Structures are given as structure tokens and as C-alpha cells.
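The structure appears right after this line, and notes come after that.
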Amino acid sequence: MKIGLMGYGTVGSAFYTLAQEHADTQIAALLDLKTHPEVACRQTSDYRSIIEDQSIDTVVELIGGLHPAYEFVTAALKAGKHVVTANKQLVCACYDELIALAEENGVSLRCTAAAGGGIPWLHSLARLSRCDRITAVSGIMNGTTNYILSAMTEQETEYADNLREAQRLGYAEADPTADVEGYDACRKLVLSANIAFGVSIREAEVPCFGISGITAQDVAAFKRLGLVCKLIAHASLREGRVSACVEPMLFPVSGQMAHISGPDNLISLKAERVGAQSFAGAGAGGFATASNVLADCMEIARGCETFYTSLRTPAAVDNAALEQRYYIRTEAGAQSMRLTVNAAHAMAAEYKNKQQPFFMAAVAEE
Ligand SMILES: NC(=O)c1ccc[n+]([C@@H]2O[C@H](COP(=O)([O-])OP(=O)(O)OC[C@H]3O[C@@H](n4cnc5c(N)ncnc54)[C@H](OP(=O)(O)O)[C@@H]3O)[C@@H](O)[C@H]2O)c1
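See the structure below:
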């Protein structure tokens, strides 16, 4: 396999190192904004020199973001090159279009590292969905928020202090919005639900409430009740209807969820025949993520199919039947009430519009 690597940041540089260790994954050219003296292959800052290089059969996109990654990936697919990417934002936003382009051009599109970092989660969903009916996917899909929530619980410190520490340690970006507001977890949930259920749901339809409003007092209140807070993405398929949501959730301190600390992920599925399965591990990090990118390349080299699934039944997100107990805290104090997901998220949106203090967390029901 001859690879055109796009991006030489945290994951791109780790992928370059890993690919060197395997004779069948040869990096023919690197596209990056800077030149890197340690890189032995041809280097360029013009993506067309990779697209037009007939010897390159696979493009590995590790730039991130929507643009120019979209232009680079679509050009590669149209040029008949396989694409491997870790870019959840791109694949989630352009899910149907990118898969259709891969199919039309008879090439593969893989994005296993886009959800779960180093965990082969999307690959496992695809594999299981061929022989069983997956009915739910859920879990801690974002390491940054799990680090912040774990530190707040363990050290009884404020949200802002732990966000700063997460940024210092490289767990959170300078602009942490996508992580702390739940958008990153939402994109991973959309990819997971689409592949697991054979549907095509849209990110914009998934209610999403993050952790930026949590206080040390909230965490202390949860502790007194024997509960810990985690940011959870969950989706299920019931009677042909897909429900999906990202929100903080409270779990018993003695349970499995409570023990996932730091930037780790714990992602689970439920299927009719195999029952429940969980995957835990590094949801981010250069080498962990790059190892999933490399595994995707190797699968393509072995002649793997176009995408994880050819099923893309358009589905509207329908949370109408989903009702849970919520911890709701406003300026007036904290209370517990049973609400539909739609009602709870509408309340959150109302307080956000009014710019008034608000935090909510669903109480997990086993
Ligand atoms: N980091 C993780 O742990 C992790 C985990 C799972 C998935 N991912 C995904 O993996 C992808 C890469 O993430 P990352 O953390 O490696 O990002 P990163 O460290 O910011 O690296 C991005 C690289 O792309 C380069 N770049 C930016 N714009 C470019 C352009 N127009 N043309 C060519 N190169 C360009 C950057 O160059 P400069 O440095 O010069 O700007 C940098 O080398 C993202 O989609 C991310 O969501 C990352």
C-alpha cells in the first residue's frame, strides 16, 4: 500500500512512526503546512500533488476539521484512492455524501479512530451488526470531559481549575467548546448509531448538553448521594425509532462507570443475541489513535469492503418516549424531577438563552 499522509500533528506523526514499522504500509508523500526534517518521504504543501500521484493508492487524512479536509478527502475519493481518516467532524457532517462517493469510485472509506481513539469500537459495531441486531450504544465517548469530571470528584475542585489543568496536560484544546459542550461526543454517537443500526441520523437533531455549567457544589451534592457524574452519549433503536442524546448522567459510586477515571473511555453496546458488551481504554492520544488508523489501512490492503455498512436508512431522532429522573439545579436551588429528554433539554435551552445558571444530569437507571 502506498500512502499519501495528510497532517503531521499528534496523530499524523505517530502514524508516520507506526507505518515505518510495517513493510506493507509505505508512506510515499506527506502533506503538511510545515516541513519536517525527520521525515524521509516526499513532502508537499499542495494537496493536488498527492491526489495526482498515480502511485498513491490510499490517502490518510489526519488534519481534522471540516475545511480543507472535506476538499482533500472528496478529491482523493474521486481520484479513486482509498481514504482512512480519524476526522469525526468531517465524516459525521458529510456521512451520506462521503460513503456514496467511496461506493461510486469503488474505494474504501474507513474511520475507526474517529470514535474511541484507540478502541476498535466502530469496527466491532460493524462486525456484530452483520450477525446480530444492535439495539443500543452508549458510554463515555469523550476523554477531556471524563478527565475534568473525575478530577472534580476526586479533588473537590472547581470546573475552571480542572479545565485549565486538562489544557496544560494536552487533554483539552485551547478552545475546549467541542469537548465540554458535548459536540465531540455527539459526533462519535452519530457515527456509532449509524453504523450499529444501519441508519443515517443527523448531528443537529441530537440533543446535546455538556458539562461547562457544573460546579463543585453539584459534585459535592452527588457525592452525598453516593453518585458520580459522567458525560454520556446514548442512542437506542426501538421499534424502528432511533433515540439519541448527549447529557451528564449520575451513576452509583460503586458501579463500573464510576471507576473510569482520567481521559479514558468506556463504550458499550447491547445486542439481541450477544447481550451487553463494553470496551474500555484510551479514547485519544497519538499512538493509540494512530494504531487504529494503521489497522484500517491494513484492512483495506486485505481487500476489506467499501464502508462498514451499506445501510443508510434516513432516520429522524425521536426521543419522545424517553423519560428519566433528572437532577436540576437553578439559581433557586437543586431538585430532582422526572422529565422526558425533550422537556429536560428544552429547559436547558431556555436557561441558556436567558443566560441564567443551570445544570442538569440524568439519573442512570439500570
Ligand atoms: N489527538 C487525538 O488524540 C485524536 C483522537 C481521535 C481522533 N483524532 C482526530 O485526528 C485528527 C488529527 O488530530 P490531531 O490531534 O493529530 O491534530 P493536530 O495535532 O492539530 O494535527 C493536525 C495537523 O494538520 C496540519 N494541517 C492543518 N491544516 C492543514 C492544511 N491546510 N494542509 C496541510 N496540513 C494541515 C497541522 O499543521 P500545523 O501544526 O502546522 O498547523 C498539523 O500538522 C482530527 O480529525 C482529530 O479529531 C485525534
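Every number in the numbering used here is 14 more than the matching position in the sequence shown, counting from 1. Where is the CB? At the ideal position from N, CA and C, for every residue including glycine. A quick note: this is a predicted structure, and the numbers were derived from the prediction, not measured.
Identified DSSP bridge partners for residue i
i: I162; result: In DSSP, I162 forms no bridge with anything.
i: M20; result: L45 and E75
i: K284; result: A150 and A290
i: Y322; result: In the DSSP output, where bridge partners are listed per residue, Y322 has none listed.
i: M374; result: I342
i: S214; result: P328
i: H96; result: T72
Same chain, Cβ closer than 8 Å to residue i, neighbours up to 5 away in sequence not counted
i: G196; result: N156, T159, C222, F223, G224, I225, L245, A247, V260 and E261
i: D38; result: M15, M312 and A315
i: M351; result: R339, Y340 and I342
i: V288; result: L142 and D146
i: A290; result: S282, L283 and K284
i: S268; result: G240
i: Q34; result: I41
i: K95; result: G18, I65, I70, D71, T72, V73 and V121
i: V25; result: L76, A100, A127, G300, T303, A304 and V307
i: K366; result: F372
i: E179; result: A165
i: D67; result: G18, A42 and A43
Rounded C-alpha distance that separates residue i from residue j
i: G18; j: L44; result: 6 Å
i: S282; j: L241; result: 20 Å
i: K368; j: I228; result: 17 Å
i: E75; j: A235; result: 44 Å
i: E187; j: Q181; result: 6 Å
i: R326; j: G254; result: 13 Å
i: S164; j: E380; result: 21 Å
i: S59; j: I41; result: 16 Å
i: K284; j: S292; result: 9 Å
i: V194; j: N119; result: 37 Å
i: F321; j: G347; result: 49 Å
i: F372; j: I77; result: 35 Å
i: T191; j: L336; result: 27 Å
i: M20; j: L308; result: 14 Å
i: L123; j: M361; result: 39 Å
i: Y173; j: V233; result: 10 Å
i: H36; j: F86; result: 25 Å
i: D310; j: D332; result: 32 Å
i: E168; j: Q370; result: 27 Å
i: S138; j: C318; result: 14 Å
i: A358; j: I274; result: 26 Å
i: L32; j: E217; result: 32 Å
i: Y104; j: N356; result: According to the sequence displayed, residue 104 carries Leu and not Tyr. Near 27 Å, if we compare the C-alpha coordinates of N356 and L104.
i: A378; j: M263; result: 6 Å
i: R62; j: G153; result: 39 Å
i: H81; j: Q349; result: 43 Å
i: M374; j: A140; result: 33 Å
i: Y30; j: E364; result: 47 Å
7 Å Cβ shell around residue i - same chain, five flanking residues per side excluded
i: A298; result: G131, G157 and P277
i: G295; result: G132, I133, D278 and N279
i: V220; result: C200, L203, V204, A258, C259, V260 and V331
i: A129; result: K102, W135, L136, M155, K202, L205 and S206
Other residues of its chain near residue i: CB distance less than 6 Å, five sequence neighbours each side excluded
i: A272; result: V242 and F265
i: V53; result: L44
i: A89; result: I65
i: A28; result: G300, F301 and A304
i: T344; result: F372
i: V98; result: V74, R124, V307, D310 and C311
i: Q57; result: L44 and T49
i: A334; result: none
For residue i, the nearest candidate out of the options (CA to CA)
i: G79; options: V87, S214, F86 and N101; result: N101
i: H50; options: A165, A362, G23 and D60; result: G23
i: Q231; options: A129, E170 and S152; result: E170
i: S214; options: A376, L183, F372 and I113; result: I113
i: A330; options: A249, E319 and A360; result: A249
i: S206; options: E117, L251, A378 and E85; result: L251
i: D462; options: D67, H36, Q68 and A83; result: This structure cannot settle anything about residue 462, because the visible part of the chain is limited to 15 through 380.
i: L183; options: Y161, G26, E219 and K202; result: Y161
i: K237; options: A357, L136, Y365 and M166; result: M166
i: T149; options: F211, G317, L353 and V25; result: F211
i: P328; options: A357, V256, S27 and C125; result: V256
i: A376; options: Y365, K366 and T354; result: T354
i: E286; options: C106, N176, R56 and V151; result: V151
i: S324; options: Y185, E111, D67 and A378; result: E111
i: D198; options: A107, D67 and Q270; result: A107
i: L91; options: L115, E217 and Y30; result: L115
i: E117; options: A140, Y61 and A93; result: A93
i: R144; options: D175, L177, D189 and I209; result: I209
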